[in-house]
Ligand code: IMP
Ligand code: MG
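In this note's numbering, the protein residues as written are 1 to 399.
Printed below as a string of structure tokens:
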């Protein structure tokens, strides 16, 4: 019998589904990374969340912020799929399709699973009312109705896209031609040997089961959710690419152990333009958290990492990395992130002063930047395949 041959980190499976997930609290820059990886895939599929997501892509002077349509939209050959595990706001989707059509994008490539659920106006109303009722304990949701739509799904009171498009209203009529049998759509393409890229939304630490509950979103965001959200088996999954920002941000309330409350946090926000894509809210900013990184790597079974926004750190003389947690002097893990007694131990490393946005190879990065990226890879326990050094599509450094 021939023994199985295990591929090392970066090799590509010949067929099947690869997954891209954010390993922090969202806003890692997944959009532009999906846009890049998408060139090698036949289908780009969203598997969870809804228009709480805001994925931005910058190509030349065009800036696109996508909420529902997968970030492969600007890759002409790829089919775009909004999977069964998502919740879809019809008005947002139609707006996005119109914007893409204006840009000359062929939107007939966009298909929506008949099993995706619909986010209705009453969900958004309920979302905002629930937040108000929480008072000081508010989660800081995006207010788009995502939570209530998932509640209705689980309560068996939701509306499927399949049923929604039979309504006689302009949005339903407009979307009817895009709705397909979501199970057959993916299964047929896997059978045909198509390469599928599953695009995660939000981030690992916002996962409803494994994030900083209750300060989380209402869906699973980890790589395993691609199976549920697309209707495929675990055996279909090949690579799992973790997108990791070179520092941490969080929008909304909830634990953030390495948060900075001083001018260094302000500086990260300013240099990183850390304001919400969907809500415009300023994002909370802090140091890279290696404890959270290791936790996320375990939850996702990463095969490789992509480090984003490294350029934002240029000019910091010293950088800190959160390396250990402790509660009352005892070592703790990310599970203790919500404990008010939590203390983070940091390791200081050298920064670099020069701009790095023109670097295209790892060896062109300053030595301190290479060391810093190495530390992130070590924390996640996987090779770093790519580093983004600017907002534009071409601003990437490769090994
Ligand atoms: P919801 O998903 O609107 O219910 O919001 C729940 C939490 O997830 C809030 O803290 C939001 O700020 C956060 N959140 C939801 N979607 C995103 C995202 O795409 N990026 C970053 N944070 C998000
Ligand atoms: Mg975002």
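C-beta atoms are modelled at their ideal positions from N, C-alpha and C, and glycine is treated no differently. A quick note: this is a predicted structure, and the numbers were derived from the prediction, not measured.
Do residue i and residue j have their C-beta atoms closer together than 8 Å?
i, j, result
"residue 344", "residue 212", "no"
"residue 312", "residue 385", "no"
"residue 278", "residue 89", "no"
"residue 20", "residue 241", "yes"
"residue 389", "residue 357", "yes"
"residue 189", "residue 69", "no"
"residue 105", "residue 74", "yes"
"residue 146", "residue 49", "yes"
"residue 107", "residue 101", "yes"
"residue 255", "residue 215", "yes"
"residue 355", "residue 304", "no"
"residue 281", "residue 249", "no"
"residue 302", "residue 380", "yes"
"residue 91", "residue 41", "no"
"residue 38", "residue 60", "no"
"residue 308", "residue 243", "yes"
"residue 196", "residue 45", "yes"
"residue 238", "residue 260", "no"
"residue 47", "residue 290", "no"
"residue 26", "residue 206", "yes"
"residue 54", "residue 276", "yes"
"residue 148", "residue 126", "yes"
If you draw a straight line from the C-alpha of residue i to the C-alpha of residue j, how long is it?
i, j, result
"residue 223", "residue 152", "24 Å"
"residue 292", "residue 173", "45 Å"
"residue 80", "residue 350", "43 Å"
"residue 373", "residue 297", "16 Å"
"residue 335", "residue 252", "19 Å"
"residue 325", "residue 28", "23 Å"
"residue 204", "residue 221", "6 Å"
"residue 18", "residue 119", "27 Å"
"residue 168", "residue 175", "11 Å"
"residue 14", "residue 199", "In this prediction, residue 14 has a pLDDT of 45, which is less than 50 and means its spatial position is unreliable; what the coordinates show is noted afterwards. If you take the alpha carbons of residue 14 and residue 199, they lie about 19 Å apart."
"residue 227", "residue 233", "6 Å"
"residue 62", "residue 103", "9 Å"
"residue 378", "residue 170", "52 Å"
"residue 397", "residue 219", "33 Å"
"residue 22", "residue 86", "17 Å"
"residue 347", "residue 322", "7 Å"
"residue 353", "residue 317", "7 Å"
"residue 4", "residue 139", "Its pLDDT being 38, under 50, residue 4 is placed unreliably by the model, and the measurement read from it follows with that caveat. Whole-angstrom Cα-Cα distance: 47 Å."
"residue 395", "residue 208", "33 Å"
"residue 7", "residue 338", "Its pLDDT being 36, under 50, residue 7 is placed unreliably in this model, and the value from its coordinates should be taken loosely. For residue 7 and residue 338, the distance between alpha carbons rounds to 38 Å."
"residue 264", "residue 310", "15 Å"
"residue 271", "residue 99", "29 Å"
"residue 246", "residue 130", "34 Å"
"residue 393", "residue 330", "44 Å"
"residue 83", "residue 367", "42 Å"
"residue 2", "residue 235", "Note that residue 2 has pLDDT 31, beneath the 50 cutoff, so the model's placement of it is unreliable and the number below is only indicative. If you take the alpha carbons of residue 2 and residue 235, they lie about 19 Å apart."
"residue 178", "residue 362", "42 Å"
"residue 230", "residue 33", "20 Å"
"residue 300", "residue 136", "32 Å"
"residue 375", "residue 134", "39 Å"
"residue 9", "residue 399", "With a pLDDT of only 41 at residue 9, under the threshold of 50, the placement of this residue in the model should not be trusted; the figure read from the coordinates follows. Taking the straight line from one Cα to the other gives about 14 Å."
"residue 156", "residue 182", "19 Å"
"residue 340", "residue 128", "27 Å"
"residue 122", "residue 144", "10 Å"
"residue 64", "residue 274", "16 Å"
"residue 95", "residue 314", "37 Å"
"residue 402", "residue 360", "The displayed coordinates of the chain run from 1 to 399. Any statement about residue 402 would go beyond what the structure contains."
Tell me, please, which residues DSSP counts as bridged to residue i.
i, result
"residue 248", "286"
"residue 117", "87 and 160"
"residue 331", "326"
"residue 62", "59"
"residue 308", "245"
"residue 347", "321"
"residue 388", "396"
"residue 291", "Per DSSP, none; premise fails for residue 291."
"residue 361", "398"
"residue 275", "282"
"residue 111", "81"
"residue 259", "286"
When you measure from the CB of residue i to every non-hydrogen atom of the ligand NAP, does any distance come out below 7 Å?
i, result
"residue 89", "Questions concerning the ligand NAP fall outside what the structure shown contains, since the ligands it does hold are the ligand IMP and the ligand MG."
**Study point:** Touch test, the stretch 104-115 against the stretch 154-164, Cβ-Cβ under 8 Å, three pairs minimum
**Key:** With the cut-off at 8 Å, the stretch 104-115 and the stretch 154-164 touch.
**Study point:** Continuous alpha helix (DSSP H) assignments of at least 4 residues falling wholly in the stretch 23-58
**Key:** For the alpha helix (DSSP H) assignment, the uninterrupted runs of no fewer than 4 residues enclosed by the stretch 23-58 are, from N- to C-terminal side, 30-37.
Point to revise | Start-end ranges of the alpha helix (DSSP H) lying completely within the stretch 176-240, minimum 4 residues | key: Here the runs fully enclosed are 182-191 and 225-230.
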